[in-house]
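Below is one structure, written out as structure tokens; the observations come after it.
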Amino acid sequence: MLHKNGIVVPTLDLEHNDEKLVQKLAATLLQQNMDQYSELAVTPDGHPDTRSWAAIQKREGIRVYKESTRQQRQQIRAQAATGNSAMKTAEVPPSLLLVGTIKGRLNDLLYATAASSTEAMLTKSRFIDDGVIASKVLARIIEPTMADPMHFLNVTWRYYALSEPRDYVCLDVAGWSNTRRGE
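Just so we're aligned, residue 120 is where the sequence shown starts under the working numbering, counting upward by one.
Here's what the structure looks like:
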């Protein structure tokens, strides 16, 4: 893919062992997020605890929160307690939390937000106007099937032209899972 600024983004050819490592990373990140969700402190009206989360945006019935600095420090201390010296100095990026309800069916939401191909990523970006100028699926680790179209794992690239243009390599994963409470 050639970007208008002359950036060529090649496809990744991952070895089988590397694909397995990416799958393991995705599973680890999912488990960490599920654990965090299970421990999420909320107020009686369902809002996240302001000691851990700061509201950064609200739109219709959806609210976005950013993990507070205090919460990040606790997370860094917990990782440092594992004894891994590299973790002691590593910076942990803040987590974002999106909560709320929207009208519609779950399938509609999934098809609008989960994009398993480069074409679907570009279409989604144009539709939701997320600031992505260019994007590409670099590697397809798990491909969707007709029987399970919402199960995939990709390594992707996105170029944003915000106030400071940036590009990101991301791990995009979609699928189904249950919480400890059966949700």
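Ideal Cβ positions, reconstructed from N, Cα and C, are used throughout, including at glycine.
Source: prediction; values computed, not measured.
Residue i to residue j span [Cα, whole Å]
i	j	result
Thr162	Cys289	32 Å
Gly219	Thr232	15 Å
Lys255	Val292	15 Å
Val274	Asp248	21 Å
Glu134	Lys222	42 Å
Ala234	Gln150	22 Å
For residue i, three-class secondary structure by DSSP
i	result
Arg224	coil
Leu149	helix
Val141	helix
Element boundaries [beta strand (DSSP E), containing residue i]
i	result
Arg285	Arg285 to Ala293
Val256	Val251 to Ile261
Leu216	Leu215 to Gly219
Residues that DSSP places opposite residue i in a beta bridge
i	result
Glu186	Trp172
Ile181	Arg178 and Gly219
Val128	BP columns for Val128 are empty, so no partner.
N-terminal and C-terminal residue of the alpha helix (DSSP H) that residue i is part of
i	result
Arg277	Counting along the chain, Arg277 falls outside any alpha helix (DSSP H), though it belongs to the beta strand (DSSP E) covering Phe271 to Tyr279.
Arg245	Thr237 to Ile247
Expected contact under 8 Å - CB spacing of residue i and residue j to nearest Å
i	j	result
Ala174	Arg182	6 Å
Thr130	Leu257	6 Å
Tyr279	Gly250	5 Å
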